[in-house]
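Undergrad: My structure is below; once you've seen it, I'll send some questions.
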Amino acid sequence: MVLLETLVVVLGVALVAALAVVAKTRLFPLGEDEEPREDVAEYIAMMVSVLYAVVLGLCLVSVWDTRSSAADHVQDEASALHQTYLLADALPADRRQPLRDAARTYADHVVSVEWPVMAAREPLDPAGWRLLEQLRQAGEVGETAKVPHQIAAQEVLAQLGYVDDARRGREAAAQERLSPVLWTGLIIGGALTLAFMFLFGIRRSATHVVMVMGLAGFITFTVLLIHQLDSPFGPVLGATPDPFTRYFG
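Sequential numbering from 29 applies to the sequence shown in the working numbering.
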């Protein structure tokens, strides 16, 4: 709905501008001693290029921040899970292996089950949260446990709190997308930038051919780069599960 409203407003403003130009040329035509001013066309082409560069920069910053945030969440989650695994040594003997097994099961689930789902931009099922709850239960000790064991159990719960927060951030990052309005600006702006190069000042020379090829190639590369970064867990430039495989290989 927002994209449709934006397109309607943009097209409406463009139509009003076109009508204004037509009205001006009809009501106030150029005299015989006047010539069309090419500097106006050059100014418009320059403004379109500058505005398009701003849109490109905004899109790149947006998708890169999302990708970096996703990688940070993965690192924090894996690190806290690893700390939980290590804290098992401070628990009573009968609670150590269950906690280690639960931590490894959770890590395996994230890497083998959840990662392909996130790469496909699909929502995660609640199985991961159930495994996290099993982790909490595995780290609990009874009231009759010794004081050092109770302190270790509290530290386990604290680390699992970090896992919980990082997991929520990872799930949110997997669903984030670049605004459709920005995608529209990327496509239309690139087309206008290239079109103005053909309409104004292009001659049949090798220099201009190379300039147009270079600009077209660079715009295409940047848009494809933004497309890849827009998938924070994608297979090309997305965050990887390396922190989990490094701790629980």
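Each residue gets a CB set at the ideal place from its N, CA and C atoms; glycine is no exception.
Does DSSP put residue 131 in a helix, in a strand, or in coil?
TA: Helix, per DSSP.
Undergrad: Looking at C-alpha atoms only, which residue of 205, 247, 159, 181 is the closest neighbour of residue 117?
TA: Closest by alpha carbon: 181.
Undergrad: Cα-Cα, which of 149, 147, 142, 273 is closest to residue 157?
TA: Taking only the C-alpha atoms, the option nearest residue 157 is 142.
Undergrad: In chain order, what residues of the same chain have a beta carbon less than 6 Å from the beta carbon of residue 62, not counting five sequence neighbours either side?
TA: Note that residue 62 scores a pLDDT of 49, beneath 50, so its modelled location is shaky; the value from the coordinates is reported in the next line. Around residue 62: no qualifying Cβ.
Undergrad: Report back the beta-carbon spacing between residue 199 and residue 152 to the nearest angstrom; my notes put them in contact at under 8 Å.
TA: Indeed they touch by this definition, with Cβ atoms about 6 Å apart.
Undergrad: Name the residue from 82, 81, 97, 91 whose alpha carbon lies nearest to the alpha carbon of residue 197.
TA: If we check each option's Cα against that of residue 197, 97 comes out closest.
Undergrad: On the DSSP letters alone, give me the boundaries of the alpha helix (DSSP H) that residue 273 sits inside.
TA: Taken as a continuous stretch (DSSP letters only), the alpha helix (DSSP H) holding residue 273 covers 270-275.
Undergrad: Assuming residue 147 and residue 262 make a contact with CB atoms under 8 Å, what is their CB distance in whole Å?
TA: With a Cβ gap of about 6 Å, residue 147 and residue 262 count as contacting.
Undergrad: Return helix, strand or coil for residue 126, following the three-state DSSP convention.
TA: The answer is helix: DSSP assigns residue 126 an H, G or I state.
Undergrad: Using a 10 Å radius around the Cβ and a threshold of 16 neighbouring Cβ atoms, would you call residue 80 buried or exposed?
TA: The residue is buried, with at least 16 neighbouring Cβ atoms inside 10 Å.
Undergrad: What's the C-alpha gap between residue 277 and residue 211?
TA: Rounded to the nearest angstrom, the two C-alpha atoms are 39 Å apart.
Undergrad: Report all residues from its chain with a CB closer than 6 Å to the CB of residue 95; omit the five preceding and five following residues, and keep chain order.
TA: Correct list, in chain order: 257, 260.
Undergrad: Residue 90 to residue 71, Cα distance in whole Å?
TA: Their Cα atoms are separated by approximately 29 Å.
Undergrad: Taking the alpha-carbon positions, what's the residue 162 to residue 185 distance?
TA: Using only the alpha carbons, I get a separation of about 12 Å.
Undergrad: Within a Cβ cutoff of 8 Å, which residues of the same chain sit near residue 124, ignoring the five residues on either side of it in sequence?
TA: Within the same chain, residue 124 has close Cβ partners 116, 117.
Undergrad: Measure from the alpha carbon of residue 135 to the alpha carbon of each residue in 110, 149, 126, then state which is nearest.
TA: For the residues 110, 149, 126, the minimum Cα distance to residue 135 belongs to 110.
Undergrad: So residue 83 and residue 213 are in contact, right, with Cβ under 8 Å, and what is the actual spacing, rounded?
TA: About 5 Å; that satisfies the 8 Å criterion.
Undergrad: Does DSSP classify residue 156 as helix, strand or coil?
TA: In the structure shown, residue 156 sits in a helix (DSSP, three-state: H, G or I).
Undergrad: When you compare each of 76, 74, 93 to residue 201 by their alpha carbons, which one comes out closest?
TA: Looking at the Cα atoms, 93 is the closest of the given residues.
Undergrad: Which same chain residues, not among the five before or five after residue 270, have their C-beta less than 8 Å away from its C-beta?
TA: Contacts found: none.
Undergrad: CA-CA distance, residue 165 and residue 137?
TA: One C-alpha to the other measures close to 18 Å.
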